[in-house]
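Positions in the sequence shown are counted from 1; adding 1 to them yields the numbering used here. Beta carbons: idealized from backbone N, C-alpha and C, even for Gly. Worksheet: the structure to be examined is printed underneath.
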Amino acid sequence: MKQMVAVEPAIVIGAGAAGLAVAQALIKAGVPVAILEKESRLAEPWHRRHQQLHLNTHRDLSALPGLSFPVDTPAFPHRNVVIRHMNDFRDANRLPVEFGVAVETLVFRGDHWAVRTSAGSRLARHVIVATGRDKEPFTPQWKGMEAFAGRIIHSADFGDAQSYAGKKVLVVGAGNSGFDALNHLAGVDVASLWLSARNGPALLPKRIGKIAVHRLSPLMARLPLRVADAAIAATQRLVFGDLTKFGMPPAPSGGASRLASDYTAIAADDGAVDAIKSGKITVVPAIREFTRDGVILANGSLIDPDIVIAATGYRTGLERMVGNLGVLDSKGVPLFNGGVADPKLPGLWFTGMRPSIRGCFANAAILGKAIARRIAGAGRQRAGASR
């Protein structure tokens with residue numbers, strides 16, 4: 002006789018900030034939850050990032066719900082502080098994280114989901130996918146890159162900034178990751194430093210005087226997109242001037258609009274713009290192709306970097322898990338996020354899959370509460386109907 006497998010109320014896939022926040026919200030709403038995490042410890046992506054990494058979001062807007070950072074935490078917390086904060090949050094809320102369990106596929110069973118994992122199958126009424134929008138580093142397949150004699154790395158593997166001293170370095174991409182690398186490299190004695198930019202960024206300083214610009218993000222998030230675009234553009238122009246004079250291409254659209262439409266995060270400057278203006282960083286066109294000895298740019302010129310840093314973004318890597326459900330766009334980003342769901346696939350939720358002007362931690366709390374309200378409400382409806 003086949004043994005019946007119990008249907009769990011909710012399973013969260015991924016124990017990053019978004020997964021922890023939604024799990025806490027569900028428990029507070031009275032919904033039992035299991036959290037499946039493929040890694041052997043919390044915050045594994047943070048452990049893997051370079052030692053210089055700090056949040057671009059302010060401490061007061063980057064804490065998980067109900068847990069503040071220690072009072073001596075700098076305005077923009079170091080990655081080690083973030084790692085500790087996530088572990089403290091898990092411990093304080095007694096969140097049941099199951100480590101070393103990788104989810105392979107989700108199968109819809111009409112009124113529940115089969116969650117197929119590396120440790121066997123489980124059934125759940127609700128499944129919340131919180132594996133992150135930055136799960137898989139993406140590097141374009143440039144023509145000729147296999148023949149290039151130098152190194153090509155993704156910005157996720159940036160490492161120690163001082164290791165680039167004396168090297169000729171090309172950073173590809175003027176987005177958030179590109180400017181993070183440039184901010185660090187601006188203080189290193191490199192031999193040459195180029196930025197290849199296909200599009201100009203929406204770019205804000207970390208501070209204006211003593212004011213941390215990110216502290217204004219809750220206000221910006223409430224503005225209509227066109228008003229937020231205008232505010233970002235005006236701030237960028239006022240603080241930095243016209244960067245097209247230094248070779249930077251114009252941005253294709255406003256910063257808030259790009260955030261909403263193609264999920265391009267707003268970049269943060271912490272020294273890179275001064276290095277561009279001083280000539281330490283040379284802005285060059287997009288890459289056309291690689292040769293053994295260098296990189297040919299779109300204008301036909303040749304540069305000869307030792308190291309190319311591809312600050313070219315990430316992918317969700319969700320195709321294997323949910324690719325057959327029709328819930329992903331052409332770039333693998335879920336079509337819905339937070340408290341919105343597909344009525345044809347009840348019980349499937351996504352969180353933390355799109356950037357927010359508020360930052361990932363503040364947004365994780367907002368989306369987690371929205372999902373918990375919907376799930377708890379559905380549970381009450383089901384309980385009422387069964388009476």
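Original post:
Measuring CB to CB, does I358 end up less than 9 Å from A257?
Top reply: yes
**OP:** Check whether the stretch 75 to 82 touches the stretch 105 to 123, taking contact to mean three or more Cβ pairs, one atom from each stretch, closer than 8 Å.
**Re:** Result no; under three Cβ-Cβ pairs closer than 8 Å.
Original post:
Is the beta carbon of I308 less than 9 Å from the beta carbon of R152?
Top reply: yes
**OP:** Pull up the distance between the alpha-carbon of D230 and that of A222, whole angstroms please.
**Re:** 11 Å
Original post:
Using a threshold of 8 Å, is the CB atom of D330 nearer than that to any non-hydrogen atom of the ligand SAM?
Top reply: Among the ligands in the structure shown, none appear at all, so the ligand SAM cannot be discussed.
**OP:** May I have the straight-line CA-CA distance separating V82 from H51, to the nearest angstrom?
**Re:** 14 Å
Original post:
From what residue to what residue does the alpha helix (DSSP H) around S218 run?
Top reply: 218 to 223 is the span of the alpha helix (DSSP H), which, as asked, contains S218.
Subject >> Whether V334 touches R355 by CB criterion (9 Å) >> reply: yes
Subject >> Spatial distance of K3 from L326 (CA atoms) >> reply: Residue placement at K3 is flagged as unreliable, the pLDDT there being 46, under the threshold of 50; the coordinate-derived value follows with that caveat. Spanning the two alpha carbons is a distance of roughly 28 Å.
Original post:
Tell me which same chain residues have a C-beta within less than 6 Å of the C-beta of H113, skipping the five on either side of it?
Top reply: Same-chain partners within the cutoff: V8, L124, R126.
Original post:
Within this structure, are the beta carbons of V170 and P306 separated by less than 9 Å?
Top reply: yes
Original post:
Does DSSP put R208 in a helix, a strand or coil?
Top reply: strand
Subject >> I14 beta carbon less than 9 Å from that of A131 >> reply: yes
Subject >> Segment limits, beta strand (DSSP E) that includes V274 >> reply: Counted as a single uninterrupted DSSP element, the stretch harbouring V274 is not any beta strand (DSSP E) but the alpha helix (DSSP H) occupying residues 273 to 279.
**OP:** Go ahead and label E38 buried or exposed: buried means 16 or more other beta carbons lie within 10 angstroms of its beta carbon, across all protein chains shown.
**Re:** Buried, by the Cβ-count rule.
Subject >> Beta-carbon contacts of K168 that lie in its chain and below 7 Å, excluding the five residues immediately before and after >> reply: V191, A192, D307, I308
Subject >> Within 9 Å, strictly: CB atoms of R374 and E137 >> reply: No.
**OP:** Out of V104, I233, S218, state which residue places its alpha-carbon closest to the alpha-carbon of P202.
**Re:** I233
Original post:
Looking at C-alpha atoms only, which residue of I310, G17, S279, D161 is the closest neighbour of C361?
Top reply: Per the Cα distances, G17.
Original post:
Using DSSP with H/G/I as helix, E/B as strand and the rest coil, what is M2?
Top reply: Confidence at M2 is low in this model, with a pLDDT of 39, below 50, so the placement of that residue is unreliable and no value is reported for it.
Original post:
In terms of DSSP beta bridges, what is D270 paired with?
Top reply: Its beta-bridge partners are P206.
Original post:
Which runs of the beta strand (DSSP E) fall wholly inside the stretch 83 to 143 and span at least 3 residues, in chain order?
Top reply: For the stretch 83 to 143, whole beta strand (DSSP E) runs of length 3 or above, ordered along the chain, are 98 to 100, 104 to 109, 114 to 118, 121 to 130.
Subject >> Inter-residue spacing [alpha-carbon to alpha-carbon] between A379 and T313 >> reply: 40 Å
Original post:
What are the start and end residues of the beta strand (DSSP E) that includes L194?
Top reply: 193 to 197
**OP:** Specify, as a first and last residue, the run of the beta strand (DSSP E) that A342 falls within.
**Re:** Where A342 is concerned, there is no enclosing beta strand (DSSP E), given that its DSSP letter is neither H nor E.
Original post:
Does the Cβ-Cβ distance between N177 and A266 come in under 9 Å?
Top reply: yes
Original post:
What residues in its chain sit with their C-beta under 7 Å from that of A377, if we drop five residues either side in the sequence?
Top reply: A30, G31, V32
**OP:** Compute the Euclidean distance between the alpha carbons of V173 and I28, then round it to the nearest angstrom.
**Re:** Their Cα atoms are separated by approximately 43 Å.
Subject >> Terminal residues of the beta strand (DSSP E) in which V285 lies >> reply: 283 to 285
**OP:** Compute the distance between the beta-carbons of T197 and L298, then report whether it is under 9 Å.
**Re:** Position check: residue 197 holds Ser in this sequence, whereas Thr was assumed. In this structure, L298 lies closer than 9 Å to S197 by Cβ.
**OP:** For my contact list, S156 and I310 are in at a C-beta cut-off of 8 Å; report their separation, rounded to the angstrom.
**Re:** Right, their Cβ atoms sit about 5 Å apart.
Subject >> Closest residue to S279 among W195, R91, A371, G318 (Cα-Cα distance) >> reply: W195
Subject >> V173: first and last residue of the uninterrupted beta strand (DSSP E) it sits in >> reply: 169 to 173
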